[in-house]
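>
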Amino acid sequence: MKSHNYVQSVGNPDDENSNISSPLTPSQSSSFPNTVSTSMEHVTVADNNMRPGSAASRDSAVSFQPSDEPNHVATDNILSVGDDDKHPSQSNNDAMLPSTETDHLQTVTTSEVLETAEEKRLRKQSHRIIYVTAFIMSVGFSIILTSVWPYLKQLDPSASKVFYGFVIGINPFGQLLASPFLGWCGNKVGSNRFAFLVSILFFVLGNVTYALLRLMDRSVVSYFLMASRFIVGVGSANIAVCRSYLTTSTTIAERSTVLSYVAAAQSIGLILGPAIQTALAIAIPVEAAGNNSTLSTTDADGRPTGVWDLYTAVGWIAALLGLANMLLFMPCIYKEVNISQREAELILHNSKNASAKYPRPDYFAILVLLVNFFFILFVYVLLETIIVPMGKDLYGWSSEFAIKAVGIGLSVIGVLAFFMFFVCTVLCKKFDERKVYMFVGILPLIIAMSIHFPMGHNYPLMQNCSQSVNNASYVTTSTATTSLFLTATDLYSTTEMPVLDRNKRFFSPVDEQQPVQFFTSFSRSKRAAILDDDDSCNANGCPVKQHWCTYTPIIEIPQLIVGNLFGVMGYPIAFTLTSSIFSKMIGPKNQGFWMGVLTSTGSLSRMSGPIFVTLIYSNYGTRWTFGALTAVLIISMILSVIFYKRLVPMNVNKNSPEDERMTQET
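Using my numbering, the first residue of the sequence shown is number 4, and each one after it goes up by one.
1. Take the Cβ of arginine 246 as the centre, count every other Cβ of all protein chains shown within 10 Å, and call the residue buried at 16 or more, exposed below.
2. Residues bridged to asparagine 545 by DSSP?
3. Is it right to say alanine 256 is buried, meaning 16 or more other beta carbons lie within 10 angstroms of its own, or is it exposed?
4. With distances taken Cα to Cα, identify the nearest neighbour of valine 151 among Phe381, Leu283 and Tyr314.
5. As a quick exercise: from Ile379, Ala451 and Leu413, pick the residue whose alpha carbon is nearest that of leucine 607.
6. Hey, out of Thr581, Val192, Ala321 and Lys338, whose CA is closest to glutamine 128's CA?
7. Indicate whether the contact test is met: 3 or more Cβ pairs, each with one atom in the segment 119–126 and one in the segment 361–368, closer than 8 Å.
8. Report the option in Gly172, Val371 and Arg258 whose CA atom is closest to the CA atom of isoleucine 641.
9. With a threshold of 6 Å on Cβ separation, who are the neighbours of asparagine 195 within its own chain once the five nearest residues in sequence on each side are excluded?
10. Is the segment 276–283 in contact with the segment 605–622, if contact means three or more CB pairs nearer than 8 Å?
11. List the whole-angstrom C-beta distance separating threonine 253 from valine 261, where the pair is believed to meet the contact cut-off of C-beta under 8 Å.
12. Could you give the C-beta distance for valine 439 and leucine 580, rounded to a whole number, given that I count them as a contact under 8 Å?
13. Assign alanine 162 to one of three DSSP states: helix, strand, or coil.
14. Verify whether the separation of the beta carbon atoms of valine 237 and glycine 272 is less than 9 Å.
15. If you follow the alpha helix (DSSP H) that histidine 130 is part of, which residue opens it and which one closes it?
16. Given phenylalanine 233, which residues of its chain have a CB within under 8 Å of its CB, disregarding the five upstream and five downstream residues?
17. Between the Cα of proline 3 and the Cα atoms of Gly412, Glu346 and Met441, which residue gives the shortest distance?
18. For threonine 628, which residues in the same chain have their Cβ closer than 7 Å to its Cβ, ignoring the five residues on either side in sequence?
19. Any idea if threonine 484 is buried or exposed, counting beta-carbon neighbours within 10 angstroms, 16 or more meaning buried?
20. For my contact list, threonine 251 and methionine 452 are in at a C-beta cut-off of 8 Å; report their separation, rounded to the angstrom.
21. When you compare each of Val135, Leu330, Leu117 and Ala267 to asparagine 197 by their alpha carbons, which one comes out closest?
22. Check whether the Cβ atoms of aspartate 312 and arginine 221 sit closer than 9 Å, and answer yes or no.
23. Would isoleucine 389 and glycine 459 qualify as a contact pair, given that the criterion is a beta-carbon distance under 9 Å?
24. Shortest alpha-carbon distance to glutamine 344 belongs to which of Glu118, Val651, Phe404 and Ile645?
25. Pick from Pro652, His550, Thr149 and Asn341: whose alpha carbon is nearest that of serine 583?
26. What is the DSSP secondary structure of histidine 455, reduced to helix, strand or coil?
27. Using only CA atoms, which one of Cys431, Gly630 and Leu601 lies nearest to leucine 373?
28. Compute the distance between the beta-carbons of threonine 428 and serine 259, then report whether it is under 9 Å.
29. Return the Cβ separation of valine 384 and proline 613 in integer angstroms, given the expectation that the two are a contact with Cβ distance under 8 Å.
30. List the endpoints of the continuous alpha helix (DSSP H) containing threonine 628.
31. With 16 other CB atoms within 10 Å as the buried threshold, where does cysteine 545 fall?
32. Taking Cβ to Cβ, would you say glycine 186 is nearer than 9 Å to methionine 598?
33. By a C-beta neighbour count over all protein chains shown, 10 Å radius and 16 as the cutoff for buried, is tryptophan 205 buried or exposed?
34. Below 9 Å between beta carbons: does that hold for isoleucine 139 and asparagine 341?
35. Looking at the structure shown, is proline 364 part of a helix, part of a strand, or coil, going by DSSP?
This is the structure we're talking about:
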């Protein structure tokens with residue numbers, strides 16, 4: 004589509020006969036007559052007396068003349084791409100007044116036309132507050148990411164991984180329920196301040212409850228843990244309000260970059276959260292039950308009952324951050340400014356179709372983006388659900404070492420993800436963001452999940468919690484000679500594989516007369532069958548009830564690192580551009596509800612994902628887990644290819660006479 008640049012005619016200050024106004028300013032725009040020549044086009048200008056958030060008045064209008072000079076480019080379009088690689092229907096909406104050749108010309112961007120300098124300052128300030136909010140919500144979520152599983156096992160030793168999946172899933176369930184409601188309230192009230200304050204209050208209360216769980220009755224403490232995560236989820240639903248406000252307080256040209264910034268703020272939060280937990284793990288080492296707290300006592304069983312230790316400290320820190328966040332939304336600090344509606348009115352006015360209604364969004368294409376968003380977040384579910392249990396199962400890590408190792412790993416990943424958000428902005432300047440979305444976003448995620456597929460020859464260390472076996476007089480082991488004594492019946496095997504040094508801790512009932520060297524191939528499943536199958540077992544290694552551990556190789560550490568590098572390259576870009584393309588397809592309408600739908604879709608993924616992943620992981624192992632994730636991402640890529648031509652911004656000039664004429668010219 005052919006786009007117009009605009010040149011404002013301004014008076015020559017040295018020409019006394021000039022009867023044309025000086026360069027455009029809001030205060031001077033009222034001197035212009037309301038009626039102008041039909042050869043000119045109106046551009047709406049902000050009024051100095053206009054309150055933030057109100058629509059621009061058409062009484063303050065300035066005449067502009069179309070200019071087709073090729074050197075007039077849209078410098079305010081952050082995500083502009085080459086003419087041969089641009090979204091169809093993505094027009095250049097900036098009104099340009101070039102000042103390169105004469106004193107009669109002046110450059111004016113869209114934001115300068117639509118708002119005053121004070122409004123722009125307040126708008127940018129409100130954006131920074133939104134970034135801080137997204138950062139704090141991410142810290143509050145990620146700070147418990149590596150410790151919630153060992154915390155749950157300490158509170159309730161009988162808790163299973165499936166119950167742990169429900170504990171993780173209940174947080175996004177609260178977000179799922181609250182997101183549309185908060186978005187609707189913001190639209191209904193006309194201000195999002197109340198929604199932010201109420202949601203952050205829930206965030207604080209949920210984290211305080213999390214920190215006080217040791218004071219609860221042990222028969223119900225695991226359910227209180229679930230309730231605390233639900234309340235935090237309700238509080239973190241304000242990310243829908245964050246996205247909604249950013250889409251209404253930015254121009255189309257600014258939107259992708261601003262959404263990238265809020266995603267970068269979330270990334271920084273995801274970096275610092277595990278880093279804080281890792282620092283606490285070092286500062287408050289867990290040497291034994293009851294000896295991991297600086298301000299705690301123990302009960303009769305030697306379990307901590309205090310309110311400050313490695314696991315509870317993160318709740319207090321998140322609550323304090325939430326209280327600080329509430330202060331930023333006081334009326335004297337946070338002021339809302341709406342510019343997207345003014346921009347839409349400008350576009351409609353210039354198209355001589357000001358009375359037309361906005362066209363309907365492409366609901367099928369929007370559904371595709373929602374499905375993609377759902378599948379993409381499955382990757383993040385992997386981090387928030389099974390990364391610590393998987394480290395304990397596959398590599399025999401202790402809870403404390405798993406917290407440190409995973410915390411450091413997530414921090415490094417977060418740093419890389421932070422830079423990928425800026426790479427996304429650079430790439431989208433040069434290429435169609437749909438291509439960046441598919442080939443730099445989704446494709447690396449598919450590769451990452453494929454690389455995680457187990458393919459080595461080393462096998463997990465199995466748990467051994469059988470007191471009867473450990474204390475039996477007929478159980479013998481020799482770590483010096485690395486030999487093990489087995490009965491003849493133990494030698495039969497349905498699954499033959501070598502046993503590694505890592506498995507020297509296995510025991511088996513024996514006949515003292517029949518020694519067998521440890522490295523002899525024999526049935527791992529037969530050996531594992533004698534071990535105690537108890538959810539309360541806290542020994543290192545893979546639980547016996549996870550039978551796949553007996554025949555599924557581990558994911559080697561180098562393999563894990565390479566897979567995560569591909570994942571960290573793709574996830575930030577896929578996540579950011581899904582939100583960006585989605586907001587542009589919705590158009591300049593009030594997006595509170597739609598952003599609530601997007602956030603709820605993400606919440607639904609994060610709610611069902613942990614339950615699905617823990618069930619698949621516990622029952623079928625890493626092969627099926629990463630195989631399923633690879634499959635859903637391939638589906639996402641196929642849908643994106645099929646609907647490629649429809650993943651475009653809404654054309655607000657659709658069906659207007661001007662748009663039809665320009666389309667024919669093109």
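Even for Gly, the Cβ is constructed at its ideal location relative to N, Cα and C. Note that this is a predicted model, so its numbers are computed, not measured.
So, to answer that:
1. It counts as buried.
2. For clarity, residue 545 is cysteine in the given sequence; the question names asparagine instead. Cysteine 545 pairs with Met465.
3. Alanine 256 is buried by the Cβ-count criterion.
4. With distances taken between CA atoms, valine 151 lies nearest to Tyr314 out of Phe381, Leu283 and Tyr314.
5. For leucine 607, the nearest C-alpha among the options comes from Ile379.
6. Comparing Cα positions, the closest option is Lys338.
7. Touching, no, given that fewer than three Cβ pairs across the two stretches are closer than 8 Å.
8. Among Gly172, Val371 and Arg258, the Cα nearest to that of isoleucine 641 is on Val371.
9. In the same chain as asparagine 195, and ignoring 5 residues on each side of it, the C-beta atoms closer than 6 Å to its own belong to Gly189, Val244 and Tyr248, in chain order.
10. Taking 8 Å as the limit for Cβ pairs, the verdict is that the segment 605–622 does not touch the segment 276–283.
11. Indeed, because the Cβ distance is near 5 Å, the residues count as touching under 8 Å.
12. Taking C-beta atoms under 8 Å as the contact rule, valine 439 and leucine 580 qualify, at a distance of about 6 Å.
13. Note: alanine 162 maps to coil in three-state DSSP.
14. No; because the gap between Cβ atoms is not below 9 Å, this pair is not in contact.
15. Unbroken alpha helix (DSSP H) run through histidine 130: 120–145.
16. The beta carbon of phenylalanine 233 lies closer than 8 Å to those of Ile173, Asn174, Phe176, Gly177 and Gly209 in the same chain, with the five residues before and after it left out.
17. Residue 3 lies beyond the stretch modelled for the chain, which goes from 4 to 669, so this question has no answer here.
18. Non-local beta-carbon contacts of threonine 628 in its own chain, meaning distances under 7 Å to residues more than five positions away in sequence, involve Val616, Ile619 and Tyr620 in chain order.
19. Because threonine 484 sits at a pLDDT of 32, beneath the cut-off of 50, its placement in the model cannot be relied upon, and the point is left open.
20. The C-beta separation of threonine 251 from methionine 452 comes to about 36 Å, leaving the pair out of contact by the 8 Å criterion.
21. The question names asparagine, yet the displayed sequence has phenylalanine at residue 197. Considering only alpha carbons, the answer is Leu330.
22. Not closer than 9 Å, so no.
23. It is not a contact, given that the beta carbons lie outside the stated cut-off.
24. A check of alpha carbon separations from glutamine 344 across Glu118, Val651, Phe404 and Ile645 identifies Glu118 as the nearest.
25. Ranking the options by Cα distance to serine 583, first place goes to Pro652.
26. Three-state DSSP puts histidine 455 in coil, outside helix and strand.
27. Looking from the CA of leucine 373, the closest CA among Cys431, Gly630 and Leu601 belongs to Leu601.
28. In this structure, threonine 428 sits near serine 259, with a CB-CB distance shorter than 9 Å.
29. Taking the Cβ atoms as the reference, valine 384 lies roughly 6 Å from proline 613, within the contact range of under 8 Å.
30. First-last of the alpha helix (DSSP H) with threonine 628: 625–645.
31. Flag for cysteine 545 reads buried.
32. In this structure, glycine 186 lies near methionine 598, with their beta-carbon atoms less than 9 Å apart.
33. With the sequence shown as reference, residue 205 is identified as phenylalanine, and tryptophan is not the correct amino acid for it. The residue in question, phenylalanine 205, is buried, as its Cβ has 16 or more Cβ neighbours within 10 Å.
34. No, the Cβ-Cβ distance between isoleucine 139 and asparagine 341 is not below 9 Å.
35. Here DSSP, grouped into helix, strand and coil, assigns proline 364 to coil.
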